[in-house]
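Under the UniProt record's numbering, think of the first position of the sequence shown as 1, with each following residue one higher.
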Amino acid sequence: MEEIEEEQPDQLLQGSPALQGERVVFTGTLASMTHHKAWEFVEQHGGQAAQHVSRQTTLLVVGEEGWPLEADGSPSVNLSQAQELIQEGTPIQIIKESDWLALIELRDPGVNVDQLYTPAMLTQMLDLPVSTIRRWERQGLIKPVRKIFRLPYFSFQEVASVRRLSQLLESGVHPRDLENSLQHLGKFFNEIDAPLSQLTLLSQDAQLLLKDEHGLIDPRRGQRVFDFGTEETAVPELADEESFEGTIEFTEHLKTDEPEDRSSDEWFQEGCQFLDAGDAKSAIEAFRLALLGQPDMPEGHLHLAEALYLDGKTEGALERYYAAVEWDHDYIEAWTQLGCLHNELGDPKAALHAFEIALQVHPDYPDAHLHIAEVLHQLNRVEEAIPHWKVYLEFDEMGPWAELARQRLEELEDDQLEQFS
Numbered sequence: 001m002e003e004i005e006e007e008q009p010d011q012l013l014q015g016s017p018a019l020q021g022e023r024v025v026f027t028g029t030l031a032s033m034t035h036h037k038a039w040e041f042v043e044q045h046g047g048q049a050a051q052h053v054s055r056q057t058t059l060l061v062v063g064e065e066g067w068p069l070e071a072d073g074s075p076s077v078n079l080s081q082a083q084e085l086i087q088e089g090t091p092i093q094i095i096k097e098s099d100w101l102a103l104i105e106l107r108d109p110g111v112n113v114d115q116l117y118t119p120a121m122l123t124q125m126l127d128l129p130v131s132t133i134r135r136w137e138r139q140g141l142i143k144p145v146r147k148i149f150r151l152p153y154f155s156f157q158e159v160a161s162v163r164r165l166s167q168l169l170e171s172g173v174h175p176r177d178l179e180n181s182l183q184h185l186g187k188f189f190n191e192i193d194a195p196l197s198q199l200t201l202l203s204q205d206a207q208l209l210l211k212d213e214h215g216l217i218d219p220r221r222g223q224r225v226f227d228f229g230t231e232e233t234a235v236p237e238l239a240d241e242e243s244f245e246g247t248i249e250f251t252e253h254l255k256t257d258e259p260e261d262r263s264s265d266e267w268f269q270e271g272c273q274f275l276d277a278g279d280a281k282s283a284i285e286a287f288r289l290a291l292l293g294q295p296d297m298p299e300g301h302l303h304l305a306e307a308l309y310l311d312g313k314t315e316g317a318l319e320r321y322y323a324a325v326e327w328d329h330d331y332i333e334a335w336t337q338l339g340c341l342h343n344e345l346g347d348p349k350a351a352l353h354a355f356e357i358a359l360q361v362h363p364d365y366p367d368a369h370l371h372i373a374e375v376l377h378q379l380n381r382v383e384e385a386i387p388h389w390k391v392y393l394e395f396d397e398m399g400p401w402a403e404l405a406r407q408r409l410e411e412l413e414d415d416q417l418e419q420f421s
């Protein structure tokens, strides 16, 4: 009788779907896709998807856009429920989104989550103003993974984490409650030191108010704060419950007859604070005083341009962007803004020239590729735009700009099929 060779475990697994027999639940916001799309992938790979954790759950996937925290700052319901069941002996495995993506071989681990993004890309993906991202960088909340000719590239996960913590603090969640929740999450994930440091800095930032002749301004929101003359009303509570008079008199400095008493860097920092608060006129004055002492400061010209644009002075902003590239020809963010302003002012050819210079300086600059493609599309030079959309998609797969690029390419494919049909 012929002996039947027994299959080894590895052989059995080779033909098995990655999630066969798994009941999968997702918690937190996924960075790579929606929950509905993730459920489809679970089904395609042999598993069952569910919305809520139960005793039948075998795998809990934690999304990596921010942290899995509820509106009150507590850990997500699914994560808390999973922990309780694990303590009771239920075998539930908790993994990060990037590990789940690797498990189903959708892409290499971390391609989306650990991808580096420019400030402009992040504003589209996370619905944040560029000024907020720059402020967080100045405060040390986020740190660029690399810089290319002054252009910072950030980790998506780090910026998303700060945004989530900032939203919770602004909604009224106490810093101590958030700290406790993060400590709780540290039982499941190793990367907890960074968000704890971010929370500390954000809590300190929540105390800082600017003061001008009209009263107090919250620079994080750009809104007026009523000053009733009491610490409890004018200044939010600190994490350690100590009171702190966190206002800084800026306008008095602006009115001084001796601006030389303050350094250019101090004027620049004050201008950034006013710009964050949406006070364009005060920001313009501060940046001008900074440039009086240091006219060869490209960042000063760029920020002054942004303040002028915010104040409705588009032509003046254009000239200041040119001043920035005169002092630093490789200032690609300034070249990009020049392109955007020229196009806004109805001069697409000048816009293309500015974007092309940006690409000469940094050929892999995603923003410039997308902007060039859109201007070429606007000029009906679609064939020239195609390679730029494709290059952009090599750097961004999930943001609104990526959706736009894919939509453009799909429309072109449809048009070509219609022509040949």
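Glycine residues also receive a C-beta, built at the ideal position from the N, C-alpha and C atoms. Keep in mind it's a predicted model, so treat the numbers as computed, not measured.
Judging by CA-CA distance, which residue of His-371, Glu-88, Tyr-153 is the nearest neighbour of Glu-344? Locating residue 344 in the sequence shown gives position 344, where the first residue counts as 1. Considering only alpha carbons, the answer is His-371.
Looking only at C-alpha atoms, which of Leu-165, His-36, Ala-350 sits nearest to Trp-67? In the sequence shown, counting from the first residue as 1, residue 67 sits at position 67. Closest by C-alpha distance to Trp-67, out of Leu-165, His-36, Ala-350, is Leu-165.
Can you tell me where the beta strand (DSSP E) holding Phe-154 begins and where it ends? If you number the sequence shown from 1, residue 154 lands on position 154. Residues 151–155.
Is the Cβ-Cβ distance between Leu-59 and Leu-106 less than 9 Å? Looking up residue 59 in the sequence shown gives position 59. Looking up residue 106 in the sequence shown gives position 106. Result no, Cβ atoms of Leu-59 and Leu-106 do not sit closer than 9 Å.
Just list the residues that DSSP pairs Tyr-321 with in beta bridges. Looking up residue 321 in the sequence shown gives position 321. BP columns for Tyr-321 are empty, so no partner.
If you measure between the beta carbons of Pro-348 and Leu-379, is that distance less than 9 Å? Position 348 of the sequence shown holds residue 348. Position 379 of the sequence shown holds residue 379. Going by beta carbons, Pro-348 and Leu-379 fall inside the 9 Å limit.
So what's Ile-95 in DSSP terms, helix, strand or just coil? In the sequence shown, residue 95 corresponds to position 95, counting from 1. Ile-95 falls in the strand class under three-state DSSP.
So who's on the other strand from Arg-23, going by DSSP bridges? As a working mapping, residue 23 is identified with position 23 in the sequence shown. Paired residue(s): Gln-48.
Provide the residue span of the beta strand (DSSP E) that contains Arg-146, from first to last. Counting from 1 along the sequence shown, the entry for residue 146 is found at position 146. Where Arg-146 is concerned, the enclosing beta strand (DSSP E) stretches over 146–148.
Roughly how many whole angstroms lie between the Cα atoms of Glu-43 and Gly-28? Numbered from its first residue, the sequence shown carries residue 43 at position 43. Numbered from its first residue, the sequence shown carries residue 28 at position 28. If you take the alpha carbons of Glu-43 and Gly-28, they lie about 20 Å apart.
Using a Cβ-Cβ cutoff of less than 6 Å, which residues in the same chain neighbour Leu-116 once the five nearest sequence positions on both sides are dropped? Numbered from 1 along the sequence shown, position 116 holds the residue referred to as residue 116. By the criterion of a C-beta distance shorter than 6 Å, Leu-116 is surrounded in its chain by Val-145, Tyr-153, once the five residues flanking it on both sides are discounted.
Here's a check: name, in chain order, each residue in its chain whose Cβ is nearer than 7 Å to the Cβ of His-342, leaving out the five neighbours to either side. By 1-based counting over the sequence shown, the position of residue 342 is 342. Here the set comprises Ala-350, Ala-351, Ala-354.
Of all the options Arg-135, Arg-23, Met-33, which has the alpha carbon lying nearest to the alpha carbon of Ala-49? Taking the sequence shown and counting its residues from 1, the one referred to as residue 49 is at position 49. Ranking the options by Cα distance to Ala-49, first place goes to Arg-23.
What whole-angstrom Cβ distance do Ile-332 and Phe-149 have, given they're in contact under 8 Å? Translated into positions along the sequence shown, residue 332 becomes position 332. Translated into positions along the sequence shown, residue 149 becomes position 149. Going by Cβ atoms, the distance from Ile-332 to Phe-149 rounds to 5 Å, so yes, they are a contact pair.
In the DSSP output, what is Pro-75 paired with across the bridge? Position 75 of the sequence shown, counted from the first residue, corresponds to residue 75. Answer is Leu-69, bridged to Pro-75.
Rounded to whole angstroms, what's the CA-CA distance from Asp-328 to Gly-271? Just pull it up for me. As a working note, residue 328 is residue 328 in the sequence shown. As a working note, residue 271 is residue 271 in the sequence shown. So the alpha carbons of these two residues sit roughly 21 Å apart.
Between which residues of its own chain and Lys-281 is the CB-CB distance below 7 Å, once the five residues before and five after are set aside? As a first step, residue 281 is located in the sequence shown; it is residue number 281 there, counting from the start. Only Asp-311 meet the Cβ criterion.
Roughly how many whole angstroms lie between the Cα atoms of Glu-306 and Glu-285? For the purposes of this step, residue 306 is taken as the residue at position 306 of the sequence shown. For the purposes of this step, residue 285 is taken as the residue at position 285 of the sequence shown. Their Cα atoms are separated by approximately 13 Å.
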